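Input: a single structure, listed below in structure tokens.
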Amino acid sequence: MGNEKAKKRILTGDRPTGPLHLGHYVGSLQNRVRLQHQYDTFIIVADVQTLSTNFDHPENLSADVRQVTLDNLSVGLDPDSAKVFVQSMVPQIAELTVFFSMFITVNRLKHNPTIKTEAGQYGFEDNMTYGFLGYPVSQAADILFCRADLVPVGEDQLPVVEVSRFTARRFNELYAPVFPEPQSLSGDTARLVGLDGQAKMSKSIGNCIYLSDSPEDIRTKVMSAVTDPARIHRDDPGHPEICTIFSYQQAFNRDESPDIEERCRAGTIGCVACKKRMVQVIEELLGPIRERRARFEKPGVVDEILLAGTEEARKEGGRTMEMVRGAMHIDYFHPGGQ
Ligand code: ATP
Ligand code: MG
């Protein structure tokens, strides 16, 4: 049934909660750009999922939806082939969420490691909304509405993608084989640490280098980042394994990082020189991204891309819903999708 497509499909995306940063780049953006022509690519701007934590201030969404789209375009997403769309404007995603929620148990969601961690971060442990607990079900609908095969995401999202895999398997067993079981794919650096040394660079914490930062922002942020606290003098031997900047060397300056590691341990490169090199490396990465952003920043360009992508997503959602209704025997008046 429904899995025959000209190309395999990618579905991935971001919550419009603020500007994207280097963590997004290494965790997910880099993979989606690399694979965008090999796969038929759908990029979701997950505004409904944002409401699972930000339902009390929806007024930021309008700007953030455009901002996140611009960030995707600035890193090289090609709008002539990838389809960028707004989640709340694809009604089939909401429909699928309802159908999936009939057979996904509350226990499966409550015990999901990502839900547990994020509930802690947001202080939701004792007071969780139905929508927050259920966001993995809604995310299964985001992925499966276009019958996606591959989901490039950061490591923190892997347990949530597991719910999508389970949903696809369970639906296929219960009704008929409509959905592929989507595979997740993490970047080489599946979790980039924050500038403050915290486990994850995160826009909610604000410990980030943003893709839209100016050369001056980059310099200030890198030069004031935490390094090895035991290193006071330039020639003290360093401990690169606990240094934030060294983890960035590994993520963004792979070729030079073994040499930097050796010199840091030997005390022959100081933190200032190591940081200065990092500033250059990040600027080499973000300079072209900044230039591409400026090209897409002209009035109306982003809106046009989003409207066209959303139209395509709705069409694909319509095809999937025909299969779903047929499989579930709820195509009462048009059996077989006539
Ligand atoms: P929020 O705090 O609003 O949830 P976020 O920084 O976690 O924001 P999301 O929009 O939830 O960002 O995540 C988008 C994608 O980027 C996901 O695939 C996520 O796994 C990935 N990602 C986010 N931060 C990092 C990071 N520091 N390292 C690697 N991947 C990341
Ligand atoms: Mg997140």
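Sequential numbering of the sequence shown, starting at -8, is according to this note's numbering. Note that CB positions come from ideal geometry on N, CA and C, so glycine has one too. All figures in this text were calculated on a predicted structure; none of them were measured in a lab.
Near Gln123, which residues of its chain fall below 7 Å by C-beta distance, leaving aside the five closest residues on each side in sequence?
According to the sequence shown, residue 123 is Phe rather than Gln. Result list for Phe123: Ser43, Thr44, Phe115, in chain order.
How many angstroms separate the CA atom of Ala181 from the CA atom of Val292?
32 Å
CB of Leu183 to nearest heavy atom of the ligand ATP: below 7 Å?
yes
Is Met119 close to the ligand ATP? I mean its beta-carbon at under 7 Å from any heavy atom of the ligand.
no
Keeping to the same chain, check which residues put their C-beta closer than 8 Å to that of Met(-8); ignore five residues upstream and five downstream.
Summary for Met(-8): the model assigns pLDDT 48, below 50, so the residue's position carries little reliability; its value from the coordinates is reported in the next sentence. Around Met(-8): Ala167, Pro168, Val169, Met314, Ala318.
Are the CB atoms of Ala37 and Gly4 nearer to each other than 8 Å?
yes
Please return the same chain residues whose Cβ sits closer than 7 Å to the Cβ of Tyr239, not counting the five positions on each side in sequence.
Met269
Suppose only complete runs of 3+ residues qualify. What are the beta strand (DSSP E) ranges in the region 6 to 60, listed by chain order?
31 to 36
Residues that DSSP places opposite Lys191 in a beta bridge
In DSSP, Lys191 forms no bridge with anything.
Just to check my reading of the structure: Lys289 and Val213 have Cβ atoms closer than 8 Å, yes? What is that Cβ distance to the nearest angstrom?
With a Cβ gap of about 31 Å, Lys289 and Val213 do not count as contacting.
Going by DSSP in three states, Lys107 sits in which element: helix, strand or coil?
helix
Opening and closing residue of the beta strand (DSSP E) in which Leu141 lies:
141 to 143
Below 7 Å, is the gap between the Cβ of Thr32 and the nearest heavy atom of the ligand ATP?
no
Less than 8 Å between C-beta atoms, sequence neighbours within five positions excluded: which residues of the same chain meet that for Ile84?
Val39, Gln78, Ser129, Ala132, Asp133, Phe136, Gly308
Return the first residue and the last residue of the beta strand (DSSP E) that Ser92 is part of.
First-last for Ser92: 82 to 92, but that is the alpha helix (DSSP H), not the beta strand (DSSP E).
For Ala159 and Pro143, believed in contact at Cβ under 8 Å, the rounded distance
With a Cβ gap of about 17 Å, Pro143 and Ala159 do not count as contacting.
Any non-hydrogen atom of the ligand ATP within 7 Å of Ser155 CB
no
Could you check if Met192 is buried or exposed, using at least 16 other CB atoms within 10 Å of its CB as the buried criterion?
buried
Report yes or no: do the region 62 to 80 and the region 13 to 24 share at least 3 C-beta pairs separated by less than 8 Å?
yes
What are the boundary residues of the alpha helix (DSSP H) that includes Val297?
According to the sequence provided, residue 297 is Leu. The question's Val does not apply to it. Per DSSP, Leu297 belongs to the alpha helix (DSSP H) from 292 to 318.
Backbone CA spacing between Gly300 and Asp71 [nearest angstrom]
10 Å
Can you give the Cα-Cα distance for Asn81 and Thr218, rounded to whole angstroms?
Note that residue 81 corresponds to Val in the displayed sequence, not to Asn. Roughly 45 Å separates the two Cα atoms.
Cβ of Thr108 versus every heavy atom of the ligand ATP: is any distance shorter than 7 Å?
no
May I ask which residues mark the beginning and end of the beta strand (DSSP E) holding Ser175?
174 to 176
Among Pro150, Gly145, Phe162, Ile200, the one whose alpha carbon lies nearest that of Asp179
Gly145
Please name the residue, chosen from Asp140, Gly111, Arg284, Phe90, that lies closest to Ser203 on a Cα-to-Cα basis.
Arg284
Ends of the alpha helix (DSSP H) at Phe243?
235 to 243
DSSP puts Val123 in a beta bridge; with which residues?
According to the sequence as given, residue 123 is Phe; it is not Val. Phe123 pairs with nothing; no bridge assigned.
What first and last residue would you give for the alpha helix (DSSP H) that runs through Lys101?
97 to 101
Answer yes if the region 27 to 37 comes into contact with the region 90 to 100, meaning at least three C-beta pairs across the two stretches below 8 Å, and no otherwise.
no
Is there at least one non-hydrogen atom of the ligand ATP closer than 7 Å to the beta-carbon of Gly300?
no
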